[in-house]
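Since the structure comes first, as structure tokens, the remarks are kept for the end.
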RNA sequence: GCGAGGGUAGCCAAGCGGCCAACGGCGGCGGACUCAAGAUCCGCUCGUGUAGACGUUCGUGGGUUCGACUCCCUCCCCUCGCACCA
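What follows is the structure, given as structure tokens:
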């Protein structure tokens, strides 16, 4: 047997044991388990460092909670649909399903190699018909509820992926919008598409963010930006012969300054306004061709005149590309005097500029630049002289043509994809009945066999596309688009509750009891996609009566990036350190010890070494302990110190786990390990104390390094498995472990300092004298009394302060300045005891005799001692 | 431009009104062990100092406070989100 810890050798054994014991399977009887979830991986083929970090975090927390006595639901599954599988199938001359199944097999093995403790009995795979049938079922329910629309829209089209993209899947490239996956420039296409009307929930999605206290501020802010709530007003202008046009504005107080209207080229009225005029139509077409960024302040006067609702004046109506179709109502009232863009547009087209807000401070007019601040209304009819803020409210209240309106940037969620590897949208297009949902009993609509083709493989199968209408029985055509894969991931956390349920997507009783997810961990690149969609689904399902919760996740942890040479570790950059390169368990221990979960950190071989060394040292000590170390049975003074330090570490490490600060928990473990090591070298260790130390370390480390934890537990622990062990209890209560440590540490530092500064070569005797008890009482009075209390008198009158009046007065007065700022200290007896127990550390370090005592008032040293600061004499 | 989060000793990074010259890790220095190297252990790592002290520090400049790395304001820089957004 070797004292070298070879993780590769032991992992198989413990994994076998865990498996045999069903260690991670949620017990049947669990009532309200702690639901710990990591974002399930896309089945790309191999696990990368980001996954390892993500799952190391959830695993450590899940294990910690389990040791605390919770039932823990910690499942894993596969986000298995998606375009990359099709691309891979083309490249390798196979099909998406085979490819995906192979990826899953490999990744599952990798996860198991890492030793993550999942309840594999709940594994789900989104490309299984037994899973995606519920996508279809939910789609149908949402359709019935009016949350699905089929509409023609100008959509983002990626020519390379040959599919449309949701707004959230389009990113800003250097040269315009690009596809989030392949970075090809995105085109615009006019297509009939399926949408989830997530905008119906815009308000709740926005307002709900406020209450998501367990979510990082950053993620909430990103969602706020994305939803883009804006409060303002809708002003209605009449177009004689053409009805009305509503414009959205946040500044209705400038309404009297409107000198024109501008419609976006895509506005629904444009075609009607210019109908019959070929020149105008051509002009509009030319304007439509322009990319928004290039159009500047071009515009076409339609010749139509709108009626101003307040002044009754006539305003020209322009079509201008600077007005964006999907912002507000796609139309603006042009107020050149008080809006930058309107000002520029008016300059370009010789439109009048009419100033209606005057700055309050100086009334100098503003000829060149628009004034966009607040002020007083002028030239505004009955509102002259009214402040702009007040005017806004009054206009909204008093005028019919101006109504309050809130707009959102959020668009409906385009879920159609012209791809094969996804959930078929369960709809049928019938010439007679329009589009008709596939009846529930005919679900799932299964994917037909894959064929290699440049287009959508679904369209290649006549047997798939040709069907009959569920309503009239006539010939009909099956929808060939599939769903965006974000649909799959929008409710997968529910499927884990009852993965095999055949009658419903999830068990409603379990959902009621187990949700929301207690902790959800993943990368924050999903802030606007996945994390918004799961919130939407949860609310929609609640409104369908399927769920009671309206928010899916209680506490969200968005984990930071692992960097290598300053850049994100990613396969495409080729700077990947494989999780197994340093040993699976060293890797997980390192990623947890390196930084707080939310922080980015740099992968360095040196730092990895620290995690590796800790494993080796601990293993070596445990091996030595059971094999060869001589121990004693009779207790000595310094054993109590180690006992106490073990207790302190149990308390502090538990706090750190609780707060997700695994790196601090790791430090605590390192610290206790150091103490034990020193203890063993100082003297023959006491069997029980040393054993408890090692046993505690194995328990505290087990959530981060479970194989080593098991191995150590097996050597020095109780019977059974550490995964099923209880979180250790301290022998005695520890109120403030840090104050006790501080006392010992500062005292040791002080001794070193003195020895060094005074240049004492070989100290023979070190005396530590703690302060008189009454001083602790004075401390207490100083810290707890009112700021203006006469503490000197209080101290003199206090029964517990039994010393010479002058000494008491001097001591108290000398500390008055500091008051509640005084260092926290333990009480007199605890201080004496703590130092007494720590004596051996000084004896060990200086080779001197050390005494710790409390002496009566009057002693020279006692006089110098303060609570938390014993007097020191070295000779 | 708007919004959010940051800037701490050689590096990474904790702290977020008095426990702070500032946890921890890495690197560096000195020492122990050793034939030697590695590993491991101990100490030091802003400056000065013959008794635990003092001085100067936490992006910049101000302010609040008996007291600020910690709270408020200005500015500079970094990261991220939104943006011809009405």
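Residue numbers (this note's numbering): 480 to 1354.
We put the beta carbon where it would ideally sit given N, CA and C, even for glycine.
query, result
"With 16 other Cβ atoms within 10 Å as the buried cut-off, status of residue 572", "exposed"
"Boundaries (first-last residue) of the beta strand (DSSP E) holding residue 746", "Unbroken run through residue 746: none, as it is neither H nor E."
"Exposure of residue 879, with buried meaning 16 or more beta-carbon neighbours within 10 Å", "exposed"
"Delimiting residues of the alpha helix (DSSP H) encompassing residue 1355", "The structure shown does not extend to residue 1355, since the chain is modelled only from 480 through 1354, so no value can be given for it."
"Backbone secondary structure at residue 1354 - three-state DSSP", "coil"
"Alpha-carbon spacing of residue 777 relative to residue 1017, whole angstroms", "44 Å"
"Rounded distance between the beta-carbons of residue 616 and residue 919, thought under 8 Å", "7 Å"
"Closer than 7 Å: residue 512 CB and nearest the ligand GDP heavy atom", "Questions concerning the ligand GDP fall outside what the structure shown contains, since it holds no ligand whatsoever."
"Cβ neighbour criterion (16 or more within 10 Å) applied to residue 1310", "buried"
"Rounded separation between residue 823 and residue 831 - CA only", "12 Å"
"Presumed contact (8 Å Cβ cut-off) between residue 998 and residue 515, rounded CB distance", "5 Å"
"C-alpha distance - residue 1191 paired with residue 661, whole-angstrom precision", "48 Å"
"CB of residue 949 within 8 Å of CB of residue 907, strictly", "yes"
"Residue 704 burial status per 10 Å Cβ neighbour count (16 or more: buried)", "exposed"
"Boundaries (first-last residue) of the alpha helix (DSSP H) holding residue 763", "757-768"
"Whether residue 973 touches residue 965 by CB criterion (8 Å)", "no"
"DSSP three-state assignment for residue 936, whether helix, strand or coil", "helix"
"8 Å Cβ cutoff met for residue 1008 and residue 678", "no"
"Of the residues 797, 774 and 789, the one placed nearest residue 782, counting alpha carbons only", "797"
"Closest residue to residue 647 among 702, 1274 and 599 (Cα-Cα distance)", "702"
"Nearest-angstrom Cβ-Cβ length linking residue 602 and residue 556, presumed shorter than 8 Å", "6 Å"
"Cut-off 8 Å between Cβ atoms - residues of its own chain near residue 1279, not counting five sequence neighbours on either side", "1252, 1253 and 1256"
"Own chain, CB closer than 6 Å to residue 633, minus 5 neighbours either side, in chain order", "667 and 669"
"Where residue 727 sits in the DSSP three-state scheme", "strand"
"3-residue-minimum beta strand (DSSP E) runs that sit fully inside the stretch 1310-1349, ordered along the chain", "1328-1333"
"Residue 567 to residue 956 span [Cα, whole Å]", "29 Å"
"Completely contained alpha helix (DSSP H) runs for the stretch 665-724, where each covers 4 or more residues", "681-688 and 696-706"
"Pair within 8 Å by beta-carbon distance, residue 1107 and residue 558", "no"
"Same chain only: Cβ atoms within 7 Å of residue 930, ignoring 5 sequence neighbours per side", "936 and 939"
"Residue 990 in three-state terms, based on DSSP", "helix"
"Exposed unless 16 or more other CB atoms sit within 10 angstroms - verdict on residue 483", "exposed"
"Residues sharing a beta bridge with residue 1003, DSSP", "Bridge partners of residue 1003: none, in fact."
"Residues near residue 1068 by beta carbon distance below 6 Å, same chain, minus five either side", "1090, 1183 and 1184"
"Beta-carbon spacing of residue 813, residue 740 below 8 Å", "yes"
"Pick from 561, 545, 535 and 630 that is closest to residue 593, judged by C-alpha positions", "535"
"Chain-order list of residues whose beta-carbon lies under 6 Å from that of residue 827 (same chain, five-residue window excluded)", "776"
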